[in-house]
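Report on the following structure.
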Amino acid sequence: MIVCHCLAVNDRLIEAVTAGQPLTVEDVIERCGAGARCGGCRESIQQVLDEARQRRAPSLSVSASR
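41 is the number of the first residue of the sequence shown in the numbering used here; add one for each residue after it.
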């Protein structure tokens with residue numbers, strides 16, 4: 041899904057540049073430029089980051105309990 045229309049950045053690229061790290065919208069701006077032009081996609085970028093964290097959360101709790 042395209043997240044940043046100004047630079048044609050999709051959710052997969054955002055997830056790739058975060059490499060599983062708990063980054064912020066500002067980190068994404070620095071790494072791939074998404075959100076830097078008009079800023080209209082910053083909320084969508086945050087949603088992508090939040091969803092990625094939620095997907096990783098179950099695996100983190102499983103590995104922590106071992």
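Built from N, CA and C at the ideal position, the CB exists for glycine as well. Please read these numbers as outputs of a predicted model, since none were measured by experiment.
When you compare each of the options to residue i by their alpha carbons, which one comes out closest?
i     : options                    : result
Gln86 : Ile69, Leu47, Ala48, Arg96 : Ile69
Arg93 : Ser84, Gly73, Gly79, Leu63 : Leu63
Indicate whether residue i and residue j have their beta-carbon atoms separated by less than 8 Å.
i     : j     : result
Leu47 : Arg82 : no
Once you ignore the five residues that flank residue i on each side, which residues in its own chain have a CB closer than 8 Å to its CB?
i     : result
Asn50 : Met41, Ile42, Val43
Glu55 : Val88, Ala92
Along the alpha helix (DSSP H) that carries residue i, what are the first and last residues, could you check?
i     : result
Cys44 : No alpha helix (DSSP H) holds Cys44; the beta strand (DSSP E) holding it covers 42–44.
Leu53 : 51–58
Excluding the five sequence neighbours on either side, which residues of its own chain have a C-beta within less than 6 Å of the C-beta of residue i, listed in chain order?
i     : result
Arg71 : Val57
DSSP on residue i, reduced to helix/strand/coil?
i     : result
Gln61 : coil
Gly77 : Sequence check: residue 77 is Arg here, not Gly. It is coil, neither helix nor strand.
Asp97 : Position check: residue 97 holds Ala in this sequence, whereas Asp was assumed. Ala97 falls in the helix class under three-state DSSP.
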